[in-house]
Amino acid sequence: MNEKVTELLHLFDEKQFQYDLISWYKNEQRNLPWRENQDPYRIWVSEIMLQQTRVDTVIPYFERFISKFPTIEALANAEESDVLKAWEGLGYYSRARNLQSAVREVADTYNSVVPNNPKEIAKLKGVGPYTAGAILSIAYNIPEPAVDGNVMRVLSRILGIWEDIAKPSSRKTFEEVTRHIISEEDPSSFNQGMMELGAIICTPKSPSCLLCPVQNHCRAFKEGSQEELPIKSKKKAPRPVPIAVVVLKDLRGKYLIRKRPDKGLLASLWEFPNVELTEGGLKEDQLRKHIKEEYDCDVAIENEIAAFDHVFSHLKWQLTVYIGTIQGTVKSEENVRLVNKDELEEFAFPVAHQKIVATIEVNE
DNA sequence: TACACGTGGGG
DNA sequence: TCCCCAAGTGT
Numbered sequence: 001m002n003e004k005v006t007e008l009l010h011l012f013d014e015k016q017f018q019y020d021l022i023s024w025y026k027n028e029q030r031n032l033p034w035r036e037n038q039d040p041y042r043i044w045v046s047e048i049m050l051q052q053t054r055v056d057t058v059i060p061y062f063e064r065f066i067s068k069f070p071t072i073e074a075l076a077n078a079e080e081s082d083v084l085k086a087w088e089g090l091g092y093y094s095r096a097r098n099l100q101s102a103v104r105e106v107a108d109t110y111n112s113v114v115p116n117n118p119k120e121i122a123k124l125k126g127v128g129p130y131t132a133g134a135i136l137s138i139a140y141n142i143p144e145p146a147v148d149g150n151v152m153r154v155l156s157r158i159l160g161i162w163e164d165i166a167k168p169s170s171r172k173t174f175e176e177v178t179r180h181i182i183s184e185e186d187p188s189s190f191n192q193g194m195m196e197l198g199a200i201i202c203t204p205k206s207p208s209c210l211l212c213p214v215q216n217h218c219r220a221f222k223e224g225s226q227e228e229l230p231i232k233s234k235k236k237a238p239r240p241v242p243i244a245v246v247v248l249k250d251l252r253g254k255y256l257i258r259k260r261p262d263k264g265l266l267a268s269l270w271e272f273p274n275v276e277l278t279e280g281g282l283k284e285d286q287l288r289k290h291i292k293e294e295y296d297c298d299v300a301i302e303n304e305i306a307a308f309d310h311v312f313s314h315l316k317w318q319l320t321v322y323i324g325t326i327q328g329t330v331k332s333e334e335n336v337r338l339v340n341k342d343e344l345e346e347f348a349f350p351v352a353h354q355k356i357v358a359t360i361e362v363n364e
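Under full-length UniProt numbering, the residue at position 183 of the first sequence is numbered 183, and the numbers go up by one with no gaps.
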């Protein structure tokens, strides 16, 4: 144990802490669909969905996803487009692609059994240190740390850790501390109890210290610093990106859509033709030029039908949406389609483009 | 290390 | 309206 951790755990009664935390968790835990059993596959899917995503948001996605892909084999054999469609609206779409890739790996290499050791499970795509620990502890009851934002917040307050939890380097401190205080008898309830406590009691703002089952163990509560902890530096503001979009119909009334590249932002999702605007020049002209280059066709741009912002973690699309007509034919490619309005719902769109689909409905 | 990578809810 | 998030991972 290094010096910093020794200092932090000085006079800390981890046995009593485990008992108080786990007793509370067993009595107060929420009924969540991924807690119905310990199927490693279901735990895995839930942990991926829960990354940076609220429980209430995940629940319906999890139910639908498990209905559609109930087993490792079912997900391994599914079409990627169907997986992305099931993920539509959940965000961070690489999670879905990495999950299916890793599930195929488990099907091929591990006879469809999720590995139960840190070495092998950590190799799987999309399974980082948190998710590895979560699956090992929850599905297999193995005492591995599962340090997420909740755990860092709770431990910051309990032990009085004044490190910036936004810095990647500080997660090591929390992992090491957790290795020393985790319950060897019930690591599943310990890890889930820490996260449940963070979600329900030890919240980021206005924590409910008077209801806290481990209040007696909490240094922050003792010194009244629970509102100051954890230390968390601020993120940069999203960068604005002006974009012109056009909803194009051909002579038969079919809409032109294209599949985004399989890497980067919104990978492999479908969208309406659009171009990032540069300074100077009419938006319509830039759009027509872009369409000519990308789709090799001429278009008539008729009206502006919407303008709105869509904010991502790191950037802000400033969208101007036009409606227009295709003159002639479109270059035929695998990632370009002409589809009826009814067929649009078969494709997975990012939310910004779902909003545009909704605009079409209103305009017809 | 720092940034890319989404979305909808809540104060 | 704005800002902060919410059970992180990949590069």
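Beta carbons: idealized from backbone N, C-alpha and C, even for Gly.
With DSSP run on the structure shown, which of helix, strand or coil describes residue i?
i: F190; result: helix
i: N98; result: helix
i: G224; result: coil
i: P242; result: strand
i: F17; result: helix
i: F308; result: strand
i: R260; result: coil
i: D164; result: strand
i: R153; result: helix
i: N57; result: As written in the sequence, residue 57 is Thr, which differs from the Asn given in the question. Of the three classes helix, strand and coil, the one that applies to T57 here is helix, per DSSP.
i: S332; result: coil
i: Y41; result: helix
i: V83; result: helix
i: K205; result: coil
i: residue 368; result: Only positions 1 to 364 of the chain appear in the structure, and residue 368 is not among them; the question remains open.
i: R64; result: helix
i: residue 379; result: Because residue 379 is not part of the residues shown, which for the chain are 1 to 364, the question remains open.
i: R104; result: helix
i: R219; result: helix
i: G280; result: coil
i: I138; result: helix
i: I182; result: coil
i: V177; result: helix
i: L265; result: coil
For residue i versus residue j, is the C-beta distance shorter than 9 Å?
i: I182; j: E144; result: yes
i: S313; j: P238; result: yes
i: L197; j: P213; result: yes
i: A139; j: P40; result: yes
i: E276; j: V241; result: yes
i: V114; j: W44; result: yes
i: I291; j: L248; result: yes
i: Q192; j: S137; result: yes
i: V103; j: I72; result: yes
i: I135; j: R153; result: no
i: E88; j: Q354; result: yes
i: A107; j: I121; result: no
i: V83; j: L75; result: yes
i: D296; j: V330; result: yes
i: A199; j: V58; result: no
i: M1; j: L9; result: yes
According to DSSP, which residues form a beta bridge with residue i?
i: R171; result: According to DSSP, R171 bridges with nothing at all.
i: G324; result: L248, I301
i: Q318; result: P242, D309
i: V275; result: A244
i: Y255; result: K249, V339
i: I231; result: D164
i: W270; result: K259
Kindly give me the distance between the Cβ atoms of residue i and residue j, rounded to whole angstroms, as I take these residues to be in contact under 8 Å.
i: A348; j: L269; result: 5 Å
i: A244; j: K283; result: 4 Å
i: V246; j: F272; result: 7 Å
i: H180; j: E14; result: 7 Å
i: T325; j: V299; result: 6 Å
i: I323; j: N303; result: 5 Å
i: T359; j: I305; result: 6 Å
i: K26; j: S189; result: 6 Å
i: L319; j: K254; result: So it is not a contact: roughly 22 Å between Cβ atoms.
Given 8 Å as the limit, is there contact between the region 23-35 and the region 55-68, that is, 3 or more CB pairs closer than that?
yes
Do three or more CB pairs link the region 176-193 to the region 3-13 at distances below 8 Å?
yes
Under 8 Å: do the region 115-125 and the region 45-59 share three or more Cβ pairs, one atom per stretch?
no
Assess contact between the region 331-343 and the region 245-265, defined as three or more Cβ pairs (one per stretch) separated by less than 8 Å. Is contact present?
yes
Under 8 Å, with one C-beta from each stretch per pair, do the region 144-158 and the region 221-236 reach the 3-pair mark?
yes
How do the region 89-97 and the region 18-25 stand: do at least 3 beta-carbon pairs fall below 8 Å, yes or no?
no
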